[in-house]
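Line by line, the protein sequences give chains A and B. So in the numbering used here, spot 28 of the first sequence is number 28, and the numbers just go up one at a time. So the numbering used here is basically just the index in the second sequence, starting at one, shifted up by 1000. We put the beta carbon where it would ideally sit given N, CA and C, even for glycine. Quick notes on the structure that follows.
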Amino acid sequence: MAENIENLAADNGDFLDPYMVKKKERRRQKAINERIEGEFELNLNAMIDMMTVLVTFLIQSFNADPITVNESADLRIAKSTSDLALKDSVAISISKKSVMLQDEFVVSIVDGAIDPSNLQSAESSIIPLLQQKLQERLEQNSMWAKQLGRPDERLATLIVDKDTPYKVLIQVMTTASIAGVQNIRFAATKRGQGAVVKKAP
Amino acid sequence: MTDQNQAPISEENHEAFLARRAEKRRGRAHRARHEGDTPLNLIAMIDMMTTIMFFLIFTAVLSETSTLEVTSAKAPSAAAGAPSDDNAVKVPKVTVYISSDGFRVLDQTNNPDFAAKFAGPIERCGGGAADGTKPTICMREGLAETEPLIARLDYAALYNQLVKIRLEPTWFEGFGKDGNNVVSIGADAEIPFEVIVKTIDTARYILAPDGKADPGTPSAASNVSAFLLGDGKSPGPDALEKSKFAVKPAAGNPKKNERFDLFPFPSLVAARPSGG
Chain A
1 MAENIENLAA DNGDFLDPYM VKKKERRRQK AINERIEGEF ELNLNAMIDM
51 MTVLVTFLIQ SFNADPITVN ESADLRIAKS TSDLALKDSV AISISKKSVM
101 LQDEFVVSIV DGAIDPSNLQ SAESSIIPLL QQKLQERLEQ NSMWAKQLGR
151 PDERLATLIV DKDTPYKVLI QVMTTASIAG VQNIRFAATK RGQGAVVKKA
201 P
Chain B
1001 MTDQNQAPIS EENHEAFLAR RAEKRRGRAH RARHEGDTPL NLIAMIDMMT
1051 TIMFFLIFTA VLSETSTLEV TSAKAPSAAA GAPSDDNAVK VPKVTVYISS
1101 DGFRVLDQTN NPDFAAKFAG PIERCGGGAA DGTKPTICMR EGLAETEPLI
1151 ARLDYAALYN QLVKIRLEPT WFEGFGKDGN NVVSIGADAE IPFEVIVKTI
1201 DTARYILAPD GKADPGTPSA ASNVSAFLLG DGKSPGPDAL EKSKFAVKPA
1251 AGNPKKNERF DLFPFPSLVA ARPSGG
């Protein structure tokens, strides 16, 4: 250290600033240590740029639909060319295993059919438990609509698994109509018209 | 490395040194403020962005969901109204019934013209009068029964049949009035939902057949064959899938396109008991 100070003094031939000398020495030592120990500073600029782009893209494509359609192995929705957007409504899901109102389990489906014990009678299409829960939900929604000064649309969106038999669909739709639902929509994955498909053999 | 090792500094020099050091520090602080030289601590920001990114990746739904409006089996249907004028042409109320052997195209008003022209099996399916035993549109040929029903049903032929019905000059003007542009869809109990949705999609709008000249605006005087897929013979499924919607500029907004209605309002009717 003392040698360095003397050398510097000799080189410059003027007043020696001990502070600067110490600082230069510390920097040199730090650089040596970094080279030896591999402690290089990571340049994070590229990573931050990439993350910003990704976050922006994800926020842009973030699903802001009023109804969340969560597909699973038991609930694969059909494809449709319709371009009608999802609307805030009562969501009824019909999967391979159950009928759900919003996120609440209502009745189970076994082998593609609703157990007759859950129907009003063996020949009936009405599911009393679904009717009761749906009526409660619709009354709640009507109350909210009245308080907020919005029209009471009594709309239900059916999120139906693509393999659901027509009989189960009609049972749910009939029950919904009796419970007071006035408009029914099916949720579907949007597909374009004009796409090329694989030809059948 | 102690102070003892450093070169001796006189009192005068020491004061000058302190003054210069203070000046340098002021200069550094000024530069830091004005040149943005302060190292920014990015760790908190990176942490936050990583968390947001993972949340968005896990919650992102990249496929777009749309909805299909239908009238239900028991809800009051737009099709319920009957023509108000008894002397008016009876416009058929079309029903498409889906079975495991094909589509049956029926008319709820029992219009004799409809029964004679459109309800019977099409030429490919043997032709003849409608007696209920044979479907109007039979299954596609050359496909094994193990193939899914949605692949075996002849949607392109169904589309052609519906276009012929819709563009029939006798009742063309009557469609759209009194809810006649509703198509009722019925099916056997076991028919899967995706088949229903595809049938609704097929029946809703008029297409511009792929590879053909623009068929123009549908009217009572239209050349029906210009609207038919595969020249009306035996169109394959690709003829339906490749064709785009026929469109015209929307009335209020010329920048937007409007589709031509075929039977845009589907109404589902009760299921037929299994095996019936």
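Under the three-state reduction of DSSP, Asn1257 (chain B) is assigned to strand. In terms of CA proximity to Lys1117 (chain B), B:Ile1165 leads the group B:Ser1267, B:Ala1016, B:Ile1165. Distance from the CA of Pro151 (chain A) to the CA of Met1045 (chain B), rounded to the nearest whole angstrom, comes to 44 angstroms. With contacts defined as CB atoms closer than 9 angstroms, Thr175 (chain A) and Gln140 (chain A) fail to qualify as a contacting pair. Counting only the Cα atoms, His1030 (chain B) lies some 24 angstroms from His1014 (chain B).
Non-local C-beta neighbours of Ile1191 (chain B) in its own chain, meaning closer than 6 angstroms and more than five positions away in sequence, comprise Ile1098, ordered along the chain. Shown in chain order are the members of the stretch 163 to 188 of chain A whose Cβ falls below 8 angstroms from a Cβ of chain B: Asp163, Thr164, Pro165, Tyr166, Lys167, Leu169, Ile170, Met173, Thr174, Ala176, Ser177, Ile178, Val181, Gln182, Asn183, Ile184, Arg185, Phe186, Ala187, Ala188. For Arg1104 (chain B), the enclosing beta strand (DSSP E) covers residues 1102 to 1107. Excluding sequence positions up to five before and after Gly1186 (chain B), its CB lies within less than 8 angstroms of the CB of Thr1095, Val1096, Tyr1097, Ile1098, Leu1268, Val1269, Ala1270, Ala1271, Arg1272, all in the same chain and listed in chain order. Fewer than three Cβ pairs drawn from the stretch 1122 to 1136 of chain B and the stretch 1190 to 1206 of chain B lie within less than 8 angstroms of each other, which leaves the two stretches out of contact. The Cβ-Cβ distance between Thr1109 (chain B) and Pro1266 (chain B) does not fall below 9 angstroms. Sequence-ordered contacts of the stretch 110 to 123 of chain A with chain B are nonexistent [C-beta pairs closer than 7 angstroms]. Identification of chain B residues near Asp65 (chain A) by a Cβ-Cβ cut-off of 7 angstroms yields Thr1065, ordered along the chain. In the three-state reduction of the DSSP assignment, Ser142 (chain A) falls in the helix class, which pools H, G and I. In the DSSP assignment, Tyr1205 (chain B) forms a beta bridge with B:Asp1261. Contacts with chain B at 9 angstroms (Cβ-Cβ) do not include Asp49 (chain A). When DSSP states are grouped into helix, strand and coil, Ile92 (chain A) belongs to the strand group.
Contacts between Pro1254 (chain B) and chain A, judged by CB atoms closer than 7 angstroms, are missing: the closest CB pair is about 19 angstroms apart.
Contact of Ile77 (chain A) with chain B is assigned, a C-beta pair being separated by under 9 angstroms.
Close to Phe1263 (chain B), with beta-carbon spacing below 9 angstroms, lies no residue of chain A; the smallest spacing is near 14 angstroms. Of the residues A:Val55, A:Ala46, A:Lys167, the one whose Cα lies closest to the Cα of Met1048 (chain B) is A:Val55. Secondary structure note for Met100 (chain A): its beta strand (DSSP E) is the uninterrupted segment 98 to 101.
Around Phe1245 (chain B), the beta-carbon contacts reaching into chain A at under 7 angstroms are Gln193.
For the pair Thr1067 (chain B) and Ser89 (chain A), the Cα-to-Cα distance works out to about 12 angstroms. The beta carbon of Ala1129 (chain B) sits closer than 7 angstroms to those of Gly1120, all from its chain and outside the five residues before and after it, given in chain order. Looking at B:Phe1055, B:Asp1113, B:Lys1256, the one whose alpha-carbon comes closest to that of Pro1169 (chain B) is B:Asp1113.
Taking a C-beta distance under 9 angstroms as the contact criterion, Ser1243 (chain B) and Gly194 (chain A) qualify as a contact pair. In the three-state scheme derived from DSSP, where H, G and I count as helix and E and B as strand, Ser1267 (chain B) is classed as strand.
The C-beta separation of Arg185 (chain A) from Leu138 (chain A) comes to about 15 angstroms, leaving the pair out of contact by the 8 angstroms criterion. Looking at the DSSP output, Arg185 (chain A) sits in a beta bridge with A:Thr157, B:Glu1069. The C-alpha of Ile1206 (chain B) is placed about 36 angstroms away from the C-alpha of Leu101 (chain A). In the DSSP assignment, Glu104 (chain A) falls within the beta strand (DSSP E) that extends over 104 to 110.
The alpha-carbon of Glu1123 (chain B) is positioned some 15 angstroms away from that of Leu1228 (chain B).
Residue environment analysis places Ser1184 (chain B) among the buried positions, since at least 16 neighbouring C-beta atoms fall within 10 angstroms of its C-beta. Within the stretch 93 to 112 of chain A, contact with chain B at the beta-carbon level (separation under 7 angstroms) is assigned to no residue. Cβ contact annotation for Gly1232 (chain B) (same chain, cutoff 7 angstroms, sequence separation greater than five): Asn1160, Ser1225, in chain order.
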